[in-house]
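Structure first, commentary second.
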Amino acid sequence: MISSMGGYRCCHIQFWNMVIMEKEKRYVASISGGKDSMAMVLGLMEKGWPLTHCVYFDTGMEFSCIRKNIEKVRLELEQYGCELVILQPERHFLEEMLLRRIKCRDGSSHYGSYWCGGPCRWMTRLKINACEKYVKSLGATAVEYIGIAADESGRVKEKCYPLVEWGWTEYQCLQYCYAKGYNWLEGGIELYSILDRVSCWCCRNKNLRELNAIYHNLPQYWDKLRALQSYIEEPYKPPYTIFDLEERFAKKGRQRGLWEV
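Just remember that this note's numbering sits 177 ahead of the position in the sequence shown, which is counted from 1.
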């Protein structure tokens, strides 16, 4: 009798420990403000999945519509009982890009990390490190959702990928966001109609077709690229500087496809 009671108490304690652990578990979604991560967050709420924290890393160099969408989804997250956490780099993007002293392997040094993208994705590294540090701060019971679409499943690693589980493609994610009232308008231009990726406006990973579209449709951002290039000796798209590209785009006009990489 004593033995059976002891076993009962042990199971009872284990049960309540599991209940407490489940109650303390944190469910974290990383959101960039683009179509895939936005669709994931909206889908999680619509499907009733657990979601306690939504993490956005603000580089300070996003298209303005990104921040508008982040503020818009904040209201829905609050109603769902989810906290929107906005992280920022220790140094402003421009300080890192233009002013920080960089020591080279040969012993020389220069100031600024230059353009971000390609083989030198320094802000991406800072973003990943900051987000991972935050998730770890929540404890070992944190579950992290990542917004990679089903047709990008080759990028899947050991985390939780709702879009892959749901079978949502990039196209479906975009259409879902539109249906939910989200768009990416800049000066009346829908960014996803002219760009493959809506990331930082100065991201070096943009292909020449996208840059041509920015030059012709988003002059306010092209002027910012020109200003940055005036401070950076390194060509934006080797061997072309922003000024070289501007000259070529001006000559070619609005013809599509001429600048495919």
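Backbone N, C-alpha and C fix where the C-beta goes; we use that ideal spot for every residue, glycine too. All values derive from a computational prediction rather than experimental measurement.
Item                                                                                                                                                : Value
DSSP state of S286, grouped into three classes?                                                                                                     : strand
Using DSSP's beta-bridge definition, name the partner residues of H230.                                                                             : V205 and E260
Which runs of the alpha helix (DSSP H) at least 4 residues long sit entirely within the segment 380–428? Give them in chain order.                  : 385–394 and 396–408
Report the partner residues of I247 according to the DSSP bridge assignment.                                                                        : Answer is none; I247 lacks a bridge partner.
Would you call the segment 418–426 in contact with the segment 304–316, where contact means no fewer than 3 C-beta pairs closer than 8 Å?           : no
Out of L351, R203, K280 and E367, state which residue places its alpha-carbon closest to the alpha-carbon of V232.                                  : R203
When the distance is taken between beta carbons, is Y338 closer than 8 Å to I323?                                                                   : yes
CB-CB under 6 Å to I243, same chain, minus the five flanking residues each way: which ones, in chain order?                                         : G210
In whole angstroms, what is the alpha-carbon distance linking E199 and P227?                                                                        : Confidence at E199 is low in this model, with a pLDDT of 49, below 50, so its placement is unreliable and the value that follows should be read with caution. Distance between the alpha carbons of E199 and P227: 11 Å.
Under a Cβ-count criterion, where at least 16 other Cβ atoms within 10 Å of its own Cβ denotes burial, should T418 be classed as buried or exposed? : buried
Would you check if the segment 280–287 and the segment 254–271 touch, i.e. whether three or more CB-CB distances between them fall below 8 Å?       : no
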